[in-house]
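J.: I have a structure here, written as structure tokens, and I will follow up with some questions on it.
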Amino acid sequence: MKKRLFEQDQVAKKMLVGSIVLGLIGGVLIIVQAVYLARVTDDAFLQGKSFMQLLPPLYILLSWIVIRSLVHFGAEYVSAQMAVRVKGELRKRLVRRISELGPAYVKGERGGELLSTIVEGVEQLEIFVAKYLPQLALSIMLPFAVFILVVKIDWVTAVVLAFTFPLLILFMILIGVTTRQRTEKQFKMLGLLGGHFLDVLRGLTTLKLFNRSKAQLQIIAEISERHRQATMSTLYLAFLSAFVMELFATLSTAVIAVFLGLRLIQGDIGFEHAYLVLLLAPEFYLPVRALGTQFHAGANGTAAAQRIFAVLDAAPMGYLARDGGRQLVSSYGFSIQFDKVTFQYPGADKPVMQELSFIVKAGQHLALVGPTGAGKSTILELIQGFIRPTSGRILINDVDLAEIDIAWWRNQFAMVSQTAHLFNGTIADNIRLSKPDAGMVEVQLAAERAYAHEFIMQMKDGYETVVDEVPRLSGGQLSRVALARAIFKNAPVLMMDEPTAQLDVESEQAIIRALSDYLQGRTAIFVVHRMAMTELADQVIEIGGVTE
Amino acid sequence: MSALVKLIAFVKPFRSRAILATVLGFLTIAANIGLMGTSGYLIAHAALQPETILLLWVPIVGVRFFGLSRGVFRYVERLTSHDVTFRILARLRVWIYGELEPKAVTLLQSRRSADVLGSIISDVEQLQYFYLRVLAPPLIAIMTAVLGFVILLQFGLGLGLILLGMMIFGGTLIPWISYRLARTHGVKDTELKADLYVQTGDLVAGMSELLVNGQLDRTVARIEQLQTELDYVRDKNNRVMAAMSAAMLGIVNITMWFVLVYSVFLVSGARMEGWAIPVTVLITLACFEAISPLPLAFQNLAQTRVAAEHFFGIAADVQGTHRIDPACMEDLKPANRSIAIQGLSVRYEGSNTYALQDIHLDVGAGEHLAIVGESGAGKSTLQQVLAAMVPYQEGSVKLGGIELHMLKEEMVREWISVVPQNPYFFHATIEENLRLAKPSATKDELERAITIAQLGPLVQSLPDGLNTLVGEWGMRFSGGERQRFALARAILHDAPIVLLDEPTTGLDASTEQAFWQAMETVLQGKTVLWITHSIEDLSRMDRVVELKQGQLTR
């Protein structure tokens, strides 16, 4: 998984090596600094050298300090930049990937998850990449460097270090493993409790309608209290590993100090060396402890990376623009034919539709009726190429959709979906989505045909009203903007998924009148719920039920 | 600044715990100072090879004591300070909920409500750490600086002043500079990330439209462009942050160097004993442990201030909805199930047109009235006025002969059931969502409501039946299904007056037939206001009125 974060990016790989090398140099400089500090102290304390004699080594010590700071700058900068790079590239890859995975992949509940993976999930890699990964290498290398030096000057301390280091790691793993399962389970529950507050805020109106909103005050207080207690019982455990590591490190330092003192009295070791060992002992444990504190970031990062790679590894369900294909030439429009089309979602136990066949000739209009969930919307998704038939063929002017350039085909039709999305921007921008540089005349013409002009003009800034700054459009207004968007596109094929479901009778009639004119010479397929729309159809097919 | 003062009020109730946590935090660092100081003392004195080991007994005990106590202090401190944090969190939540509860409708009406709620959540997230990340670090740093000064003072005034001066310098200047340098980056970073969020949200939610209209590549390119800009800003920020981190490291060691130089100077002039050198140097290094978290605390202070201003701003900004007339002293009750509206006009804040204008409407007790009209004609507003969710400026609305203003909100809602167009469902089970309307409902009552709302087959098809989780926003179910669950909720609520907004959306013809038959008994004797645009429904109503641009026409 770690390797995958760096695949396809040689620069980031080099940065990782760079940050580790710089970290290692920084570690060596800590040792060098300690060596000089111990020597100067020894010279002043026991050798009785004068202040002037000691000035040159003091200046050398100062220069080591400066160099160490510079190296520290380099290490910090490189590792932070590495994280920026890895995160940036991953987010771009994610965005490109989901744009290929298509609407069938992103729809529904998964959409929200994807959004949070792309935005927050990627950010969660920050500490993982910038701190945890370099630390992983350094937590082995730095103690090793300190150990080598200590072996040379004082084997007793070396034995203490050699004995405690594996013990420290063993404890870390032991505590980590025993508490992890429990803490994970509890953190999950904590997430649920935390989510409750947002849920209550969003549902305030509903709570009010049933006179339950005041009672929630008490419930929020209670849940927060439960939240606190649950978190605290998790933290008792979670902090335990840090506690043990801290205890281990400080106790070892204390033991080493006492050992050193006893042997100094007996003259088994000189002051300079004893002092040096005392200075370096905490540095021996520090990198592993630093890794321990980032253990959580490591676990978080791993989880985030798994979600990210799951998206990158997913298989597209529809046709891809990059596959290319044929572009058809037709002066009289397009016919659309289903030839024994069966569709089943992967993992579903029964197909949405089985061996469905029909044909809409160029310029003809087909209405699809039938109960909810019968697969009417799926038919439209298939024609749009968002999903591929499990078996059977979809033919456009007798050519299999699989052989057609899907980007070209999508340019040949306009679509009014049941739940149209309003994009961030002005109302006009939302209507001229298919041609962002179009003029206002075209926009207004389309809006008038879709019976949207009147209510748009009543808005704050008319067509220039920014969608985000006004109260939500009503369902009927939204569907009329979506219709205007489709009419604006002026494509030879029009598909609509319950375009008038949210409209009142009068608007519906007006739109039907406008459409009957607009649909002349165009191929149209629409899913309808109310019968009024079937006036426009040459052909009505009932899906998933008995034909009337 | 006043926002921060207000925040302190949220910490006050937990004053003693907060003080305890701060003291423990200080003791953790003090233990390290003690450990390093006594170890330095120990080996320096041992190097002088005293006659007997007994002279070293005290420092040996000291070393062991400090070595043990540091870990314990830290552990207890972390628990205490996090406990304080969660207590603050609970208070923040309860407080903001109490502030928003009366203003719910205005708050949730705008399209931006999701953003507002999201920002409240993230504000709370930030503010809960006010003690832990903003208040505690400087307090601990000050206590540590005093301790370090007092100890080094024993060896010479100069040493104490060097340490104190450098701690103040490193603890204020570096955090301040790094904050100033990073601030513009922070603002830009937040903007870009918000932009990125919006664009990515558009990409995910509007993907099919983008694909069909040939705009997908453009949106992807725009997101990539934003990411590139974000990377650029972060590059500059990283440089500042790395420089500051290096400066902090430099200052710690340079302070140590100054102390060393001055100690050596004192020793060579015989004004201090040689053993003190390792002691002063090690104590100096240990003291800076309290300084290193300050740059982060400074950043958090800035973020907390922004969040606090925003948080208290929202609470103050949002307008209330239903006001009880001050003259209403006792609990009035509607006398019957009739509704009388006279000259009612409603205008939303910031809008220059009336949502409802000069409405006159009498609905007799038990009458079934259909209201038709275009979307945006004011049907929903009328419904919300009746449910005491939206205030009215002009005219009179009487419920059972009593002016709506005179009735308590709770009383109005006991009398009125609403099935809104976009009902909300909590991320809980179906049963919990239904019981909202009547917590004491029996299993039979629940089943009856579900059957009438034509949800029987759906609920039976679910493996967990009524215990099925509805998902966030009730996303597990389609729009029509959600509306019928809302209807089931209203049936359970069983109020004498029922306001319905298009409950038959998404029903096929035969189910709709069954639905109407079942509803007949439910609505028997109740006063009903039925918002609809379906012509089929009208024949079942006693009377039909039409709303057009906020006015009654028929």
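First to last, the sequence lines map onto chains X and F.
Residues in the first sequence are numbered from 689 upward in steps of one, following the working numbering.
Residues in the second sequence are numbered from 52 upward in steps of one, following the working numbering.
In this text, a Cβ means the ideal position worked out from N, Cα and C, and glycines have one as well.
Among the candidates K780/X, P822/X and L830/X, whose CA atom is the shortest distance from the CA of I806/X?
T.: K780/X
J.: Answer with yes or no whether the minimum CB distance from E275/F to chain X is below 8 Å.
T.: The beta-carbon of E275/F is placed less than 8 Å from the nearest beta-carbon of chain X.
J.: Is the segment 107-127 of chain F touching the segment 886-904 of chain X in the sense that three or more CB pairs, one from each, lie closer than 8 Å?
T.: no
J.: State the DSSP-derived secondary structure class of F859/X, mapped to helix, strand or coil.
T.: helix
J.: Would you say T1235/X reaches chain F, if we count a Cβ-Cβ gap shorter than 8 Å as a contact?
T.: A caution first: T1235/X carries a pLDDT of 36, below 50, which makes its placement in the model too unreliable to give a value.
J.: Please confirm whether I59/F has its beta-carbon closer than 8 Å to some beta-carbon of chain X.
T.: Cβ-Cβ to chain X under 8 Å: no for I59/F.
J.: Buried or exposed for Q696/X, please, with buried defined as at least 16 other CB atoms from any protein chain shown within 10 angstroms of its CB.
T.: exposed
J.: Checking contacts by CB at 8 Å: is W308/F closer than that to chain X?
T.: yes
J.: Quick one: what does DSSP say W146/F is sitting in, helix, strand or coil?
T.: Correct three-state label for W146/F: helix.
J.: For V976/X and A768/X, I'd like the C-alpha separation in whole angstroms.
T.: Distance between the alpha carbons of V976/X and A768/X is about 20 Å.
J.: Closer than 7 Å, Cβ to any Cβ of chain X: which residues of the segment 502-519 of chain F, in chain order?
T.: none
J.: Hey, quick one: how far does the beta strand (DSSP E) through W581/F stretch, first residue to last?
T.: T578 to I582
J.: Let me know the secondary structure DSSP gives K494/F once reduced to three states.
T.: helix
J.: Please report the residue range of the beta strand (DSSP E) in which N1195/X lies.
T.: Asn is not the amino acid found at residue 1195/X; the sequence shown has Ser there. Premise fails: S1195/X lies in the alpha helix (DSSP H), V1193 to Y1206, not in any beta strand (DSSP E).
J.: H915/X touches chain F at which residues, Cβ-Cβ below 9 Å?
T.: F137, L140 and A141
J.: Closer than 8 Å between beta carbons: that is the criterion. Which residues of the segment 772-793 of chain X meet it against chain B?
T.: No chain B is part of this structure, whose protein chains are labelled X and F.
J.: Identify every residue that forms a DSSP beta bridge with I453/F.
T.: L450/F
J.: Which value, in whole angstroms, describes the spacing of the CA atoms of L1298/X and I957/X?
T.: For residue 1298/X there is no data in the structure shown, the boundaries of chain X being 689 and 1236.
J.: Beta carbon of P970/X, beta carbon of A937/X: below 8 Å?
T.: yes
J.: Can you tell me whether DSSP reads F1026/X as helix, strand or coil?
T.: strand
J.: Determine, using beta carbons only, whether A1102/X and A1050/X come nearer to each other than 8 Å.
T.: no
J.: Are the segment 281-289 of chain F and the segment 232-248 of chain F touching, with three or more C-beta to C-beta distances below 8 Å?
T.: yes
J.: Run the CB neighbour count on N387/F, radius 10 Å, all protein chains shown included, and call it buried at 16 or more, exposed below.
T.: exposed
J.: For I753/X, go through chain F and note every residue whose CB falls closer than 7 Å to its CB, in chain order.
T.: G301, N304, I305 and W308
J.: Using a Cβ-Cβ distance under 8 Å, would V94/F count as near chain X?
T.: Checking the displayed sequence, the identity of residue 94/F turns out to be Ile instead of Val. I94/F counts as touching chain X.
J.: What's the C-alpha gap between E1236/X and I1229/X?
T.: Here E1236/X scores only 31 on pLDDT, less than 50, and its place in the model should not be relied on; the value that follows carries that caveat. So the alpha carbons of these two residues sit roughly 9 Å apart.
J.: Between the beta-carbon of R535/F and the beta-carbon of L513/F, is there less than 8 Å?
T.: no
J.: For chain X, is any of its Cβ atoms less than 8 Å away from the one on S90/F?
T.: yes
J.: Output, in chain order, the set of chain X residues within a Cβ distance shorter than 7 Å of N289/F.
T.: Y765, A768, Q769 and V772
J.: For Y924/X, count neighbouring C-beta atoms within 10 Å of its own C-beta (all shown protein chains included) and say buried if the count is 16 or more, exposed if not.
T.: exposed
J.: Quick one: which chain X residues come within Cβ less than 7 Å of A264/F?
T.: Just to set this straight, residue 264/F is Asn in the shown sequence, not Ala. Those are L1121, S1122 and K1177, listed as they occur along chain X.
J.: From H373/F to E460/F, what distance separates their C-alpha atoms?
T.: Bear in mind that a pLDDT of 49 at H373/F, under 50, signals an unreliable position, so the number given afterwards is only what the model happens to contain. Rounded to the nearest angstrom, the two C-alpha atoms are 7 Å apart.
J.: How is the beta strand (DSSP E) around D413/F delimited, first residue to last?
T.: L407 to V414
J.: For the segment 1202-1224 of chain X, enumerate the residues whose C-beta is nearer than 9 Å to any C-beta of chain F, in chain order.
T.: So the list reads H1217, R1218, M1219 and A1220, given in the order they occur along the chain.
J.: Would you please verify whether the beta carbon of D1192/X is less than 8 Å from any beta carbon of chain F?
T.: yes
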